[in-house]
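> I am attaching a structure below and will ask some questions about it afterwards.
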Amino acid sequence: MNLDARRVPGRFVFVAAPAERLATLPALATIREDEGWTAVLRAEDAEAAGLAYDFVAAWITLTVYSDLAAVGLTAAVSRALADAGVACNVLAGLHHDHLLVPEAHADDALAAIRALRG
26 MNLDARRVPG RFVFVAAPAE RLATLPALAT IREDEGWTAV LRAEDAEAAG LAYDFVAAWI
86 TLTVYSDLAA VGLTAAVSRA LADAGVACNV LAGLHHDHLL VPEAHADDAL AAIRALRG
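At position 52 of the sequence shown (counting the first as 1) the number is 77 in our numbering, and the numbers step up by one without a gap.
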């Protein structure tokens with residue numbers, strides 16, 4: 026598998042944000058759920074906006090092009106991270122998959138992903 030990953034500099038958090046606030050936030054990702062909007066922000070941006078969070082993540086981007094119709098990439102990466110004891114939240118972009126893992130386990134996550142290169 027031609028797979029590598031890179032860590033995006035920074036600390037990232039998930040926050041609940043009212044719809045009317047979304048336009049004012051420098052959100053890197055958003056998702057609408059039944060309970061309301063969730064946004065992913067840099068920790069310092071959440072703090073500046075007065076938004077509470079309880080999970081600080083490292084952002085890891087898989088540098089391999091990930092076809093949205095491809096089968097197995099997310100499963101393989103998720104299995105490797107689970108085997109390494111690393112929690113993972115996946116965001117799929119048009120070109121790449123992005124993983125938000127506990128900040129303290131970023132190096133473990135990168136090692137587990139790189140071990141898949143075989």
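All C-beta atoms in this analysis are idealised placements derived from N, C-alpha and C, irrespective of residue type, glycine included. Every value quoted in this text rests on a predicted model; they were computed, and no experiment measured them.
Leaving out five residues on either side along the sequence, give the residues of the same chain with a beta carbon under 7 Å from the beta carbon of Asn-27.
Val-89.
> Return the residue from the list Arg-36, Tyr-78 and Arg-32 that minimises the CA-CA distance to Ala-42.
The shortest C-alpha separation from Ala-42 is found at Tyr-78.
> Looking at the unbroken alpha helix (DSSP H) that takes in Thr-86, where does it start and where does it end?
Run containing Thr-86: none in the alpha helix (DSSP H); it sits in the beta strand (DSSP E), 81-87.
> Report the rounded CA-to-CA distance for Ala-140 versus Glu-45, giving the unit in angstroms.
If you take the alpha carbons of Ala-140 and Glu-45, they lie about 43 Å apart.
> When DSSP builds the beta bridges, which residues end up paired with Arg-67?
In the DSSP output, where bridge partners are listed per residue, Arg-67 has Phe-37.
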